[in-house]
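Colleague: Before anything else, here's the structure in question.
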Amino acid sequence: MSKLFSKPAIYFIMGSQNTPGRDALEILEAALAGGINCFQLREKGADALTGELLLDFAVECQRLCCAYKVPFIVNDDVELAYALDADGIHIGQEDMEASTARRLMGPDKILGVSVHSLEEAEKAVLSGADYVGMGPVFGTQSKADTKSPAGTSGILAVKNRYPGLPVIGIGGIAPDNAGQVWAAGADGVAVISAIVQAESIALQIRRFNESIKAGAEK
Ligand SMILES: Nc1nc(C(F)(F)F)ncc1COP(=O)(O)OP(=O)(O)O
Ligand SMILES: [Mg+2]
Numbered sequence: 001m002s003k004l005f006s007k008p009a010i011y012f013i014m015g016s017q018n019t020p021g022r023d024a025l026e027i028l029e030a031a032l033a034g035g036i037n038c039f040q041l042r043e044k045g046a047d048a049l050t051g052e053l054l055l056d057f058a059v060e061c062q063r064l065c066c067a068y069k070v071p072f073i074v075n076d077d078v079e080l081a082y083a084l085d086a087d088g089i090h091i092g093q094e095d096m097e098a099s100t101a102r103r104l105m106g107p108d109k110i111l112g113v114s115v116h117s118l119e120e121a122e123k124a125v126l127s128g129a130d131y132v133g134m135g136p137v138f139g140t141q142s143k144a145d146t147k148s149p150a151g152t153s154g155i156l157a158v159k160n161r162y163p164g165l166p167v168i169g170i171g172g173i174a175p176d177n178a179g180q181v182w183a184a185g186a187d188g189v190a191v192i193s194a195i196v197q198a199e200s201i202a203l204q205i206r207r208f209n210e211s212i213k214a215g216a217e218k
């Protein structure tokens, strides 16, 4: 298993669709400078970039992550991840089979899988997942086809069953509710809106880091 989430992680996820009218790369650089531990390029939906525009954007995101020594993960698009030699791929239950993605990406790349149950978590572990994403914990605006908020019970159950498997909570997580996710034993929080829409990205990431300490003191 990769050492990717050996300490509580702030995992930023973004696509150009999350930053309408703004400079997505500027937002990513502010998040990297603010101290995010991992970045996932999630280019999705009607306004998503495609073709050369997507490739150019992805290369720039990867360049920034490389400069800050932060893992660069691609959502869904295994071909793009492979073409870029990205640090890893994140796939959901409707995407490519995790075992196929693991075979294509090879043993040294990071493989993340979205799961919503113990059964899906077991399948992800058997397929060689390095971490699983579980959510939506709270209500979210960032995912059009999201399920209803599941709270943290799923995180608790998977951590109970697979204590060594990093579990990332996702969905509506902000500094003021992140403590519940840490208290459930999550190894990281995945965040889109709470960072993209922050007045000060640096301050918001500091607040997330403070939530880790608060969660640990419980
Ligand atoms: N992108 C994600 N990242 C995570 C992570 F663990 F990284 F936090 N967990 C869950 C998702 C959701 O991924 P998926 O189920 O494929 O849906 P979509 O492709 O619409 O994002
Ligand atoms: Mg997906």
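No gaps in the numbering here: position 203 of the sequence shown is 203 in UniProt numbering, and each next residue is one more.
No residue lacks a Cβ here, since even glycine has one placed at the ideal position from N, Cα and C.
1. Could you tell me the boundaries of the alpha helix (DSSP H) in which valine 125 lies?
2. Do valine 78 and alanine 86 come within 7 angstroms of each other at the CB atom, strictly closer than that value?
3. Taking 7 angstroms as the threshold (C-beta atoms), are threonine 140 and glycine 172 in contact?
4. What residue from Ala184, Ile168 and Lys159 has the CA that sits closest to residue 222's CA?
5. Given a cut-off of 7 angstroms on the beta-carbon distance, is the pair leucine 111 and arginine 102 in contact?
6. Regarding serine 148 and ligand 1, is the C-beta to nearest heavy atom distance less than 6 angstroms?
7. Do valine 137 and alanine 124 have their C-beta atoms closer together than 7 angstroms?
8. Using the C-alpha atoms, what's the distance from valine 70 back to valine 181?
9. Mapping the DSSP letters down to three states, classify glutamine 62 as helix, strand or coil.
10. Taking the alpha-carbon of serine 6 as reference, which of Ser142, Asp187 and Ala81 has the nearest alpha-carbon?
11. Secondary structure at serine 6, three-state DSSP: helix, strand or coil?
12. Determine the extent of the beta strand (DSSP E) in which alanine 83 is found, giving its start and end residues.
13. For glutamine 17, name the three-state secondary structure that DSSP assigns.
14. For glycine 15, I'd like the list of residues in its chain whose CB is within less than 6 angstroms of its CB, leaving aside the five on either flank, ordered along the chain.
15. How about lysine 195 and alanine 48: do their beta carbons lie closer than 7 angstroms?
16. Leaving out five residues on either side along the sequence, give the residues of the same chain with a beta carbon under 6 angstroms from the beta carbon of alanine 184.
17. I'd like the list of long-range same chain contacts for proline 107, defined as Cβ closer than 8 angstroms, with 5 residues on each side in sequence excluded.
18. Do you know how far the Cα of phenylalanine 57 is from the Cα of alanine 144?
19. DSSP state of glycine 139, grouped into three classes?
20. If you draw a straight line from the C-alpha of alanine 67 to the C-alpha of alanine 190, how long is it?
21. For the region 143 to 209, which segments carrying the beta strand (DSSP E) assignment without a break, of at least 3 residues, lie completely within its bounds, in sequence order?
22. Among all the DSSP beta bridges, which residues are the ones paired with asparagine 75?
23. On the DSSP bridge assignment, give the partners of phenylalanine 39 in chain order.
Modeller: On the basis of the supplied data:
1. For valine 125, the uninterrupted alpha helix (DSSP H) run begins and ends at 118 to 126, by DSSP.
2. Their beta carbons are not under 7 angstroms apart, which means alanine 86 does not touch valine 78 by this criterion.
3. Yes. Within cutoff.
4. Past the edges of the chain, shown from 1 to 218, lies residue 222, and the structure says nothing about it.
5. At a Cβ-Cβ threshold of 7 angstroms, leucine 111 and arginine 102 count as neighbours.
6. Checking every heavy atom of ligand 1 against the Cβ of serine 148, none is found closer than 6 angstroms.
7. No, the pair does not count as a contact, with Cβ atoms beyond the cut-off.
8. Each residue's Cα considered, the two are about 22 angstroms apart.
9. Helix at glutamine 62.
10. Nearest C-alpha to serine 6: Asp187.
11. Of the three classes helix, strand and coil, the one that applies to serine 6 here is coil, per DSSP.
12. Here alanine 83 belongs to no beta strand (DSSP E); instead the alpha helix (DSSP H) covers 78 to 84.
13. If DSSP states are grouped into helix, strand and coil, glutamine 17 belongs with the helices.
14. The answer, listed in chain order, is Arg42, Glu43 and Lys44.
15. As written in the sequence, residue 195 is isoleucine, which differs from the lysine given in the question. No; because the gap between Cβ atoms is not below 7 angstroms, this pair is not in contact.
16. The residues are Thr152, Ile155 and Leu156.
17. Shown here for proline 107: same chain residues with a beta carbon closer than 8 angstroms to its own, the five before and five after excluded, namely Gly128 in chain order.
18. Phenylalanine 57 has its alpha-carbon roughly 22 angstroms from the corresponding atom of alanine 144.
19. For glycine 139, the three-state secondary structure derived from DSSP is coil.
20. Cα to Cα, alanine 67 sits roughly 21 angstroms from alanine 190.
21. The region 143 to 209 contains these whole beta strand (DSSP E) runs: 167 to 170 and 188 to 191.
22. In the DSSP output, where bridge partners are listed per residue, asparagine 75 has His90.
23. For phenylalanine 39, which the question treats as bridged, DSSP gives the partners Phe12 and Phe72.
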